[in-house]
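Data block below; observations after.
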Amino acid sequence: MIFKNWYVILLAISIFSISLALIAENYFNLQPCTLCLKQRHPYYFFILISFIGLFISYHLRYYLSFLIQLGTVYGIFYSVWHVGVENKLLKGPAGCSVNLSISENKNDLKEQIFNQQIISCDEVIWSLFGFSAASINTIVMLFIFILNALYIYNYDNKEKKY
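Following this note's numbering, the residues of the sequence shown are numbered contiguously, the last one being 302.
So, in structure tokens, the structure goes:
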């Protein structure tokens, strides 16, 4: 049953995830960092792919599922990177962490402060039971990756029987 409704399930997971992120940003004023914004891209992509998948034949959905796998790899990459940055294991992208160069010149320091991104990628601004939003996103992306891989595997097994 889960494979029959996989595109509906993926659409629901994606809309739910994006909705939570946008609610956190707009209603609770939890501003996203650069890596947080990159982690949203796969969900927007999944919404589009799932919507298309609802209106095409079963055989064409098989090919869409490979695009979903690519999207999850992208999402897992950025979410794992973000978890690494939060735990000070990895370095974030340029401009993601708060770094000021030591300077005697007040104008240089002032310019550095004004050019610095307000939200730092290495700070956890929200967590649930000790899991940051990036950690939860990693789990969700892995869940989607595994279910989609099972969907592909299930499709291949059905095709071999016929």
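All residues carry an ideal CB built from backbone N, CA and C; glycine is no exception.
**Message:** Distance check for V225 and I142, CA to CA, integer angstroms please.
**Reply:** 35 angstroms
**Prompt:** Would the beta-carbon of I187 fall within 8 angstroms of that of S154?
**Reply:** yes
**Item:** Those residues which DSSP pairs with L151 across a bridge
**Value:** In DSSP, L151 forms no bridge with anything.
**Prompt:** In chain order, what residues of the same chain have a beta carbon less than 6 angstroms from the beta carbon of Y147, not counting five sequence neighbours either side?
**Reply:** S190, G193, L194
**Item:** Cβ-Cβ separation, T174 to M281 (assumed contact under 8 angstroms), whole Å
**Value:** In fact, because the Cβ distance is near 18 angstroms, the residues do not count as touching under 8 angstroms.
**Asked** Going along the chain, which residues of its own chain have a beta-carbon closer than 7 angstroms to the beta-carbon of N288, five neighbours each way excluded?
**Response** Excluding residues within five positions, the ones whose Cβ falls inside 7 angstroms are S205, I208, Q209, T212.
**Asked** Ends of the alpha helix (DSSP H) at E263?
**Response** Unbroken run through E263: none, as it is neither H nor E.
**Asked** Based on Cα-Cα distance, which residue from K231, S267, Y184 lies nearest to S214?
**Response** Residue 214 is actually Tyr in this sequence, not Ser. Nearest C-alpha to Y214: Y184.
**Message:** I need the straight-line Cα distance from E165 to L177, nearest angstrom please.
**Reply:** 11 angstroms
**Prompt:** Is DSSP giving S197 helix, strand or coil here?
**Reply:** coil
**Request:** Please look up how many angstroms separate the CB atoms of A274 and V223, rounded, as I've assumed it's under 8 angstroms.
**Result:** 5 angstroms
**Those residues which DSSP pairs with F269 across a bridge** = Bridge partners of F269: none, in fact.
**Message:** Y202 and Y295 - do their beta-carbons sit closer together than 8 angstroms?
**Reply:** Yes, Cβ-Cβ distance for Y295 and Y202 is below 8 angstroms.
**Asked** For G211, does the three-state DSSP call read helix, strand or coil?
**Response** helix
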